[in-house]
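K.L.:
Just add 456 to wherever you are in the sequence shown, counting from 1, and you've got the numbering used here.
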Amino acid sequence: MDGRRTVIPTTMQDFPLTLTSILQHAVAVHPDSECVTWTGDPATTRRATYAEVAANAARLAHALARLGLEAGDRVATLCWNHQEHLEAYFAVPCMGGVLHTLNLRLPADQLWFIANQAEDRFVIVDADLLPLLGAFAGRVGALEGVIVVGHTDLDNIEGIPVYDYATIIAAEEPEYDWPELDERSASAMCYTSGTTGDPKGVVYSHRSSYLQAMVGLATATLGSSEPDRLLPIVPMFHVNAWGIPHGALLSGASLLMPSRYLQAEHLTAFIAQERATGLAGVPTVLNWILGYGEHTPIDLSSLRYILSGGAAASHAMLERFQTRYGVRVVQGWGMTETSPLCGVAIPPDELEPGSKEDLDWRMHSARVAPGVQLRIMGQNGEPLPHDGIAAGEIEVRGPWITGSYFVGVGVPDPSTDRFRDGWLRTGDIATVDRRGYLKITDRLKDVIKSGGEWISSVELEDRLCSHPGVAAAAVIGVPDPQWSERPLACVVRAPGAAEASVPELAALLAGSLAKWQVPDQWSFLPELPLTSVGKVDKKVLRARHAAGELPMEAR
Ligand code: AMP
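Below you can see the structure in the form of structure tokens.
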């Protein structure tokens, strides 16, 4: 060697990671896997193979091109989970557009803000959601056309032409000459569910969505494959239904789409009829299924797992699914900003399903997924040890984690405080152990600080839910002159169950927690307020408490 260093170039092809290649893979390898849409009546269940879905995606792309859609243009969807939504999931990004999923549970004014800021040119909407669209469509500056899935007699909304989805695609060719796309170009966007201030946009790229789909195939997470039949209860407007539709076309897993039928009676009938192997949803909805099963026989025998995410699952919920139905619930953690999947709490060893050890592992929020880097930071910005004890704010980075927010075309993101040296500050407080298992103890904004000590609302809620008379629980911090804050437990009693009284519940908590952590104020409510994505809305509870609207009981 004469001291000169040589650099050799890679011999690998520079092949872009795009949703187009996922769609093409589905056609080439899994043409017979299917998208099944529940219509509320088992006799009229709709089926389409992935080959047919891809053909319709091509037809939709032709139709959108004919309407004038150009590369980079946003196409919104205001739809339930169903076949046409899946077709749009691929047609729009693969033709070079950006799919913008709108949350149909948001009020019209917020939808207007979001659609207007994103400059949506077209919207694909379910016929039953037209009244909601009608309340804001006329004020969306860029909107040029409304495409309706289902029947409508309207031919325009506030002068914006209305097209019928089935009619416009029927006239088109089932193949499309998909353009070559830059893997770093935008594929889809979604707004955070917005707890304070205006909602903020997160814009996914083809590359980030592709890699997110791949991680869903890893056995370290869901291990999806062709025999799977996945039922995303999580809406397609909530972070791409957690990446499940993309992962399904890549793995060949079939998709079971519940449409607007999210009641337990429909979901369980659909699961049983279609032999679902995987379910994904927030704990609130999963608890509805358990509640329904209390008085009606349900068949969950086909399920390989249930993925619970979006909020902490309780030990009681995991145990009930396991002992009553033999179904393993695994928790996943992520957020809109992280595409969302950052990990699933799969136990490290093969363990007896339902054993204490197995449940203990599954009570973690997640195990960090391959491809994601995670650290926890203390209150002064110092990295904390991964010892399973120290709790700090989770920061993450990786190829499917956002590096900024979208707040309008050409508008700089002002929320730079949400990032630190290229890491996203998640606002979630957690412990993490040396093997990457994390446990969320709270959201930063929900933390209860009493006498200088943190009280974990997640832990209190979990203990409360272990009481058979408790259907749901949420613990919030309320101002206190002596301790600055004290926990207030809001409890929903289980119907027909033995009365859960304050002394009984307080004694239950005192059995495993320090005395000062036990709430001294209690409120029994008929139900808990929910956010637009089905999580308990603590903001509303705090506001109701501040306004003196909560019925209170002291310990
Ligand atoms: P979203 O952007 O609506 O998906 O909300 C993301 C937030 O949901 C996270 O920042 C967490 O606070 C919460 N979350 C997600 N998964 C979990 C989980 N497994 N346990 C507790 N909280 C979770």
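Even for Gly, the Cβ is constructed at its ideal location relative to N, Cα and C.
All of these numbers come straight from a predicted model, not from anything done at the bench.
1. Can you list, in chain order, the residues of its chain with a C-beta nearer than 7 Å to that of tryptophan 939? Leave out the 5 residues immediately preceding and following it.
2. Per DSSP, which residues does arginine 460 bridge with? Please list them.
3. The ligand AMP heavy atoms versus the CB of glutamine 573: any closer than 7 Å?
4. CB of isoleucine 896 to nearest heavy atom of the ligand AMP: below 7 Å?
5. What is the DSSP secondary structure of serine 707, counted as helix, strand or coil?
6. If I measure Cβ to Cβ from methionine 713 and keep anything under 6 Å in the same chain, skipping five residues before and after, which residues do I get?
7. For tyrosine 647, which option in Glu636, Asp638, Val659 has the closest C-alpha, if you only look at C-alpha atoms?
8. How far does the alpha helix (DSSP H) with tyrosine 621 in it reach, from first residue to last?
9. I think glycine 606 touches alanine 583, with their Cβ atoms under 8 Å apart; what is that distance to the nearest whole Å?
10. Cβ of leucine 920 within 8 Å of Cβ of leucine 961?
11. Should alanine 519 and glutamate 600 be called a contact, given that it needs their Cβ atoms to be closer than 8 Å?
12. Cβ-heavy atom distance between tryptophan 789 and the ligand AMP below 7 Å?
13. Give me the residue from Trp879, Glu851, Ala929 with the minimum Cα distance to proline 896.
14. Determine, using beta-carbon pairs with one atom in the stretch 991-1007 and one in the stretch 914-933, whether at least three such pairs fall under 8 Å.
15. Quick one: using the 10 Å Cβ neighbour count with 16 as the cut-off for buried, is serine 681 buried or exposed?
16. So, helix, strand or coil for cysteine 646, using DSSP?
17. Return the Cβ separation of glycine 883 and glutamate 849 in integer angstroms, given the expectation that the two are a contact with Cβ distance under 8 Å.
18. Give a single yes or no on whether threonine 677 has its beta carbon closer than 7 Å to a heavy atom of the ligand AMP.
19. To which residues of the same chain is histidine 771 closer than 8 Å at the C-beta, ignoring the five residues directly before and after it?
20. Leaving out five residues before and five after asparagine 612 in sequence, what residues of the same chain have Cβ atoms less than 6 Å from its Cβ?
21. What residue range is occupied by the uninterrupted alpha helix (DSSP H) comprising methionine 670?
22. Give me, in chain order, the residues of the same chain whose beta-carbon lies closer than 6 Å to that of glycine 892; leave out the 5 immediate sequence neighbours on both sides.
23. On the DSSP bridge list, what partners appear for glutamate 909?
24. Candidates Val581, Ile727, Arg663: which alpha carbon is nearest proline 688's?
P.N.:
From the atom records:
1. Ser906, Gly907
2. Answer is none; arginine 460 lacks a bridge partner.
3. no
4. yes
5. helix
6. Thr493, Asn537, His538
7. Val659
8. 621-626
9. 3 Å
10. yes
11. no
12. yes
13. Strictly speaking, residue 896 in this sequence is isoleucine, with proline absent from that position. Looking at the Cα atoms, Glu851 is the closest of the given residues.
14. yes
15. exposed
16. strand
17. 7 Å
18. no
19. Leu815, Met819, Asp918, Cys921, Ser922
20. Val618
21. 662-671
22. Arg823, Val824
23. Ser906
24. Ile727
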